[in-house]
Amino acid sequence: SDNISETYAWSGTQRPDIDRFLEELPLVVDREEAKPIWSEYQELLVDEQPYTFFFFDDRLDGINKRLRGVEMDARGEWLNIKDWWIPADQR
């Protein structure tokens, strides 16, 4: 809810209970402890249905070793494109 105007807040969801999970889940490092928390979070998302997930693109992205500053995560491959660069001697 606090991040409603952020780049990846596409759904516009504003729910304190969902926010609580988004704050807590990154702090849980034990997989067994995290499973029930993730399950409860996913149930809330299904009930709220803020966004319809049609598919998951199962693929592997490769990057030329000259390209520096690339960071990828689940949000996509273009996450920090503004920070990418190629050293001058390798252009």
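Heads up, the sequence shown is in my numbering, so the first residue is 7 and it goes up one at a time. From the three backbone atoms N, C-alpha and C, an ideal C-beta is built for every residue, glycine too. In this text the structure is predicted, and so the values were computed from the model without any measurement.
Inter-residue CB distance, residue i and residue j (contact presumed, cutoff 8 Å)
{"i": "residue 21", "j": "residue 49", "result": "The pair is not a contact, with the Cβ atoms about 13 Å apart (cut-off 8 Å)."}
{"i": "residue 73", "j": "residue 92", "result": "6 Å"}
{"i": "residue 43", "j": "residue 30", "result": "7 Å"}
Beta carbon of residue i nearer than 9 Å to that of residue j
{"i": "residue 89", "j": "residue 76", "result": "yes"}
{"i": "residue 24", "j": "residue 57", "result": "no"}
Identity of the residues DSSP links to residue i by a beta bridge
{"i": "residue 79", "result": "82"}
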